[in-house]
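Here is the structure we will look at.
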Amino acid sequence: MMAGKTSMSLGGPYPGAGSNTMCYYSTTEMGTFLDLSLLSGTSSPNYGFEPGGAFTDFNNDGFMDTLLEGAGELGRRGTSPHLHMNNGRDRGNPNHWLEVKLIGTVSNRDAIRARLSAKVGAATLQRWVFNTGYQGNSTLIQHLVSAAPPG
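Sequential numbering from -4 applies to the sequence shown in this note's numbering.
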């Protein structure tokens, strides 16, 4: 994931509906998405149908990690969950990041639909608090990443 840019992960369809692999896309400098499914290891056909996933920085190294639920193929027993650790810890992280947990005080305790903005130099980073997923939910902690200055 590029600093300040959003990546996208899509689960495979229901077994029998075609490809059952997970897809992972990362934003490029041009503002388009690059398919990194094979390179990231998330598209292994051995995982089977993956109806849920959770996305968070499990090891607090500034890089988002993915936990995928393995439900197996139709008529087969489910497979074990698969944790895909982003290997940023091995390389070190030159970027700066901030994690924020918003809490509603009157209603909407989880602050769903709230928008968080942070100005970093000339750039404005924005995150919207939401929780999605069929059989898996991501953290409500918002993860903002700013690239380290060059040099």
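Cβ coordinates follow ideal geometry from the N, Cα and C atoms, glycine included.
Just so we're clear, the structure is a prediction, and the values are computed from it rather than from any experiment.
Tell me where the beta strand (DSSP E) around Val140 begins and ends.
Gln137 to Ser141
I'd like the span of the beta strand (DSSP E) that includes Gly48, first residue to last.
It spans Gly48 to Thr51 - the beta strand (DSSP E) in which Gly48 sits, taken as one unbroken run.
Beta-carbon within less than 7 angstroms of Pro76's beta-carbon, same chain only, minus the 5 sequence neighbours each way: which residues are those?
Leu62, Leu63, Glu64 and Gly65
By how many angstroms is the C-alpha of Ile107 removed from the C-alpha of Leu69?
Low local confidence applies: a pLDDT of 49 at Leu69 is under 50, so the model's placement there is unreliable, with the coordinate-based value given in what follows. A direct Cα-to-Cα measurement between Leu69 and Ile107 gives close to 34 angstroms.
By DSSP, does Ser112 sit in helix, in strand, or in coil?
Residue state, collapsed to three classes: strand.
Could you pull the DSSP bridge partners for Thr22 from this structure?
Beta-bridge pairing links Thr22 to Phe28.
Helix or strand or just coil, what does DSSP make of Leu33?
helix
With distances taken Cα to Cα, identify the nearest neighbour of Leu139 among Phe125, Thr100 and Gln121.
Gln121
Top-ranked residue by Cα proximity to Ala118, from Asn126, Ser141 and Trp92:
By alpha-carbon distance to Ala118, the top candidate from Asn126, Ser141 and Trp92 is Ser141.
Tell me the DSSP secondary structure of Thr134 in three-state form.
Here Thr134 sits in coil by DSSP.
Whole-angstrom Cβ separation of Arg149 and Trp123, contact assumed at under 8 angstroms?
There is simply no residue 149 to check, as the chain begins at -4 and stops at 146 in what is shown.
Using the rule of at least 16 other Cβ atoms within 10 Å of the residue's Cβ for burial, across every protein chain shown, is Ile98 buried or exposed?
exposed
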